[in-house]
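Going by the numbering used here, the sequence shown wraps up at 458, each residue one higher than the last.
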Amino acid sequence: MGVLLTLLAAFAGSPHLVVVSLDTTRADALSCYGTPQPMVDARPAEPRTPFLDGLAAEGVRFARFFAQTPTTLSSHATLFTGRGPHGHGVVRNGFPLDPGIPTLAERLAGQGYDTRGVVGAAALEGDTGIQRGFALWDDASPTLRGLMYQAPADEVVGRALSAVDARASDRPLFLFVHFFDAHSPYEPPEPFRSRFLDPGYTGPWRDPESRPRQVAQGLVQGRSHAPEHAKAINGRYYGEAAWLDVQVERLVDGLRARGILDDALLVVVGDHGEVLSERPEFGWSHGNDVSDGVLHVPLILKAYGDVPLARSTVVERQAAMEHLAPTLEVALGLEPTLGQPVWDLVRPGPVLDVEGWPEHPTRTIFQEATKPRGQESQDAWNNLPFERAVRAGGHVVRAFPLRGRAPEVIEGDPALLAVLQPMLERWDATAPPHQDAEMADHQRRALEALGYLSDDDP
C-alpha cells in the first residue's frame, strides 16, 4: 500500500477536490438510477437530471451507496469523519461534533489544501463544529422564497464561485458545496415546479404556496386518500432534482472556466433521501425510518486531468457514507487515516473485491433512524429506540423497537436472520452514552423553522 500511495502521489500531484452535497436527495431522484417507484404512473418520461447523468456515465457511479442516518448534520459528520453515528456521536441536527474527532478538512488543510465550504441551510452552520478544518465556511442563510434559514441553489452557486475567486494562493483547493433545495417544501422555480405534474391535475399542489406536510398529515389521519395529490407532491420533489441538476451544471461550468477542473476530483453525493408516498405514515419527511427511500443515496465521482480514477464505471457492490472520506484520501495520494477506504472499487483496473454473505463478509453497513424525537432514550444512546438496520452481502435485517415487532429480513435470505440479528445487537452495544443537544437560541430557532425540532413528527 505504501508504494502504491507514493506512486499515486507522484502521478496525481495535488489535485483539487470538489465535494457537492445534495441534501434530502434519494438515489432515484437522479434519472441515472432508474424510474422511482413513487413516480410510477406520474410523468417520469423525460430525463430528470441530464447533467448529473452525464457525469455518472463518464465517471464512477455507485449503484448501492447508503447513508447511515437520515438527518443532515449526522450524515455530514459521517461524510467528514469516516465514522458512523456511534463513532462520531452526532445524534441528529443540533448535536455538535466532538472537537477531538479529526475531519477530512483538517486532514487536507494539514496537507496544504485551501479549504472552503459554502452551505445552503442552517443545519450545517459553523456552531455545530462541522466546519472544523475549513479556512472559509460560508453559512449565510437568507430566505428561500419566503423561508428563513435556507438559501436557494442559484445563490449557493454564486457564493461558491465567489469563494473560489477570493482565493489568494495557488494551493490545491478543497471546495465543499451544500444544496438544500430538495428538502420540503419542494418549491423549485418554474418550469421545474410543474414539469412532472400531470397536465390535467388542477388540485392544490399546483399552487406554489401549498405545503407537502399538510397533505402528509391528511393521509395519515384519513382526511385525504386521493392518489393524484400524492403524485403531484412527488412530482414537485422530482422537480427540485431537475432544478438542482441545472445548478450543479452552472457550478461545474464556473469551476471549469476558472481552471479548477484542469486537475480535480469531483464528488456528488446525497446526504440522505426522503420518504415520499410509498410510506404514507412517514410521507414527505425523513428521520423516522431506515428504508431505501431515505438511506439509498447517489454517489458519483468524476476525475479530471490526471487523477487516477476509473472511467465510465458502475460499482454494484455496496458501500456506505463512512467509506467516502478515506477513499478520497487515497484518491488524492494520501495514506487513509479516516477509516476503511473502498479504493479498490474506484481505481483504474479490475475490481478485486468479492462480495457475498456469509462467505465473503465485506463492508457490513449499520444504519439507524433519528426520530421520533419525543420518544428518544433518556438514559442511553438517544436513537436506540428507533428503527435500525444491518446490510451485508445483499441481505438486510431491520429492527423496529418502538413498534414491538421482532427484527425481520426485509431483503435477502430469511435464514440469515440468526446471523445478522446478533450483529445488529452487537452494534447497538457499541453505542455511546446519552447525548444532550447543545444549541444557542438562534440555532434552535433555525432548526424549528426547518421542521427539525417537533416531538410529534409523523
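Every residue, glycine too, gets a C-beta built ideally from N, C-alpha and C.
#1: Would DSSP call residue 256 helix, strand or coil?
#2: Going along the chain, which residues of its own chain have a beta-carbon closer than 6 angstroms to the beta-carbon of residue 77, five neighbours each way excluded?
#3: To the nearest angstrom, how far is it from the Cα of residue 135 to the Cα of residue 250?
#4: Please return the same chain residues whose Cβ sits closer than 8 angstroms to the Cβ of residue 258, not counting the five positions on each side in sequence.
#5: Pull the bridge partners of residue 367 from the DSSP assignment, please.
#6: Quick one: Cα of residue 85 to Cα of residue 326, how far?
#7: As an exercise, report each continuous beta strand (DSSP E) stretch of at least 3 residues that is fully enclosed by the region 291-324, in chain order.
#8: When burial is assigned at 16 or more other CB atoms within 10 Å of the CB, is residue 368 buried or exposed?
#9: Which residue comes first and which comes last in the beta strand (DSSP E) that contains residue 153?
#10: Just confirm the distance between the C-beta atoms of residue 459 and residue 287, as a whole number of angstroms; I'd bet it's less than 8 angstroms.
#11: Report yes or no: do the region 179-187 and the region 108-122 share at least 3 C-beta pairs separated by less than 8 angstroms?
#12: Just curious, the beta strand (DSSP E) that residue 400 is in, first and last residue?
#13: Counting along the chain, where does the alpha helix (DSSP H) carrying residue 24 start and finish?
#14: Since residue 427 is in the alpha helix (DSSP H), which residue starts that stretch and which ends it?
#15: Does residue 67 come out as helix, strand or coil in the three-state DSSP assignment?
#16: Using a 10 Å radius around the Cβ and a threshold of 16 neighbouring Cβ atoms, would you call residue 19 buried or exposed?
#17: Comparing alpha-carbon positions, which option in 385, 336 and 61 lies nearest residue 297?
#18: Can you name the start and end residues of the alpha helix (DSSP H) that residue 79 belongs to?
#19: Measure the alpha-carbon distance for residue 143 versus residue 242 and round it to whole angstroms.
#20: Let me know if residue 169 comes out buried or exposed under the rule of 16 or more other beta-carbons within 10 Å of its beta-carbon.
#21: I think residue 433 touches residue 380, with their Cβ atoms under 8 angstroms apart; what is that distance to the nearest whole Å?
#22: Just reading off the beta strand (DSSP E) that residue 266 is part of, what are its end residues?
#23: Apart from the five residues on each side of it in sequence, which residues of its chain come closer than 8 angstroms, Cβ to Cβ, to residue 232?
#24: What does DSSP give as the partner residue(s) for residue 229 in the beta ladder?
#25: Classify residue 173 as helix, strand or coil using the three-state DSSP reduction.
#26: Does DSSP put residue 115 in a helix, in a strand, or in coil?
#27: Suppose you measure from the CA of residue 48 to the CA of residue 378; what does that come to, to the nearest Å?
#28: Is residue 413 helix, strand or coil by DSSP?
#29: Which residue comes first and which comes last in the alpha helix (DSSP H) that contains residue 53?
#30: So, helix, strand or coil for residue 192, using DSSP?
#31: Assuming residue 474 and residue 268 are in contact, meaning their beta carbons sit under 8 angstroms apart, how far apart are those beta carbons, in whole angstroms?
#32: In three-state DSSP terms, what is residue 150?
#33: Using alpha carbons as the reference points, say which of 404, 266, 329 and 366 lies closest to residue 464.
A quick look at the data gives this:
#1: Numbered from its first residue, the sequence shown carries residue 256 at position 256. In this structure, residue 256 counts as helix in the three-state DSSP scheme.
#2: Residue mapping note: residue 77 aligns to position 77 of the sequence shown, counting from 1. Excluding residues within five positions, the ones whose Cβ falls inside 6 angstroms are 88, 90 and 97.
#3: Looking up residue 135 in the sequence shown gives position 135. Looking up residue 250 in the sequence shown gives position 250. Going from the Cα of residue 135 to the Cα of residue 250 covers about 24 angstroms.
#4: Within the sequence shown, the letter at position 258 stands for residue 258. Contacts found: 161, 164 and 165.
#5: Locating residue 367 in the sequence shown gives position 367, counting from the first residue. Note: residue 367 sits in a beta bridge opposite 389.
#6: By one-based count along the sequence shown, residue 85 stands at place 85. By one-based count along the sequence shown, residue 326 stands at place 326. When rounded, the distance between both Cα atoms is 16 angstroms.
#7: 299-304 and 313-315
#8: Within the sequence shown, the letter at position 368 stands for residue 368. Buried: at least 16 other Cβ atoms inside 10 Å.
#9: In the sequence shown, residue 153 corresponds to position 153, counting from 1. Where residue 153 is concerned, there is no enclosing beta strand (DSSP E), although the alpha helix (DSSP H) it sits in stretches over 153-165.
#10: It is not possible to answer for residue 459, since the shown part of the chain is limited to 1 through 458.
#11: yes
#12: As a position in the sequence shown, residue 400 is number 400, starting the count at 1. It spans 395-400 - the beta strand (DSSP E) in which residue 400 sits, taken as one unbroken run.
#13: Your numbering for residue 24 matches position 24 in the sequence shown. Unbroken run through residue 24: none, as it is neither H nor E.
#14: In the sequence shown, counting from the first residue as 1, residue 427 sits at position 427. Where residue 427 is concerned, the enclosing alpha helix (DSSP H) stretches over 417-429.
#15: Here residue 67 refers to the residue found at position 67 of the sequence shown. In this structure, residue 67 counts as coil in the three-state DSSP scheme.
#16: Here residue 19 is taken as the residue at index 19 of the sequence shown, counted from 1. By the neighbour-count rule (16 or more Cβ atoms within 10 Å), residue 19 is buried.
#17: Locating residue 297 in the sequence shown gives position 297, counting from the first residue. It is 61 whose Cα lies nearest to the Cα of residue 297.
#18: Start at 1 with the first residue of the sequence shown, and residue 79 comes out as number 79. Here the alpha helix (DSSP H) through residue 79 covers 72-81.
#19: Start at 1 with the first residue of the sequence shown, and residue 143 comes out as number 143. Start at 1 with the first residue of the sequence shown, and residue 242 comes out as number 242. Caution is warranted here: a pLDDT of 44 is assigned to residue 143, below 50, making its placement in the model unreliable, and no coordinate value can be reported.
#20: As a working note, residue 169 is residue 169 in the sequence shown. Its Cβ having fewer than 16 others within 10 Å, residue 169 is exposed.
#21: The residue labelled residue 433 in the question sits at position 433 within the sequence shown. The residue labelled residue 380 in the question sits at position 380 within the sequence shown. Yes, they are in contact, since the Cβ atoms of residue 433 and residue 380 sit about 7 angstroms apart, within 8 angstroms.
#22: As a working mapping, residue 266 is identified with position 266 in the sequence shown. Counting along the chain, the beta strand (DSSP E) containing residue 266 begins and ends at 264-270.
#23: Here residue 232 refers to the residue found at position 232 when the sequence shown is read from its first residue. Excluding positions up to five away in sequence, the list reads 197, 198, 201, 203, 205 and 206.
#24: Here residue 229 refers to the residue found at position 229 of the sequence shown. DSSP output for residue 229 lists no bridge partner at all.
#25: On the sequence shown, position 173 is the one that residue 173 refers to. DSSP places residue 173 in strand when its eight states are reduced to three.
#26: One-based indexing of the sequence shown puts residue 115 at position 115. Residue 115 falls in the strand class under three-state DSSP.
#27: The sequence position of residue 48 within the sequence shown is 48, counting from 1. The sequence position of residue 378 within the sequence shown is 378, counting from 1. Cα-Cα distance, rounded: 43 angstroms.
#28: In the sequence shown, counting from the first residue as 1, residue 413 sits at position 413. The answer is coil: DSSP assigns residue 413 none of H, G, I, E or B.
#29: Numbered from 1 along the sequence shown, position 53 holds the residue referred to as residue 53. Residues 50-58.
#30: Position 192 of the sequence shown, counted from the start, is the residue given in the question as residue 192. In this structure, residue 192 counts as helix in the three-state DSSP scheme.
#31: With the chain running from 1 to 458 in the structure shown, residue 474 is simply not present.
#32: Counting from 1 along the sequence shown, the entry for residue 150 is found at position 150. In this structure, residue 150 counts as strand in the three-state DSSP scheme.
#33: Summary: the structure shown does not reach residue 464, with the chain confined to residues 1 through 458, and so no result is reported for it.
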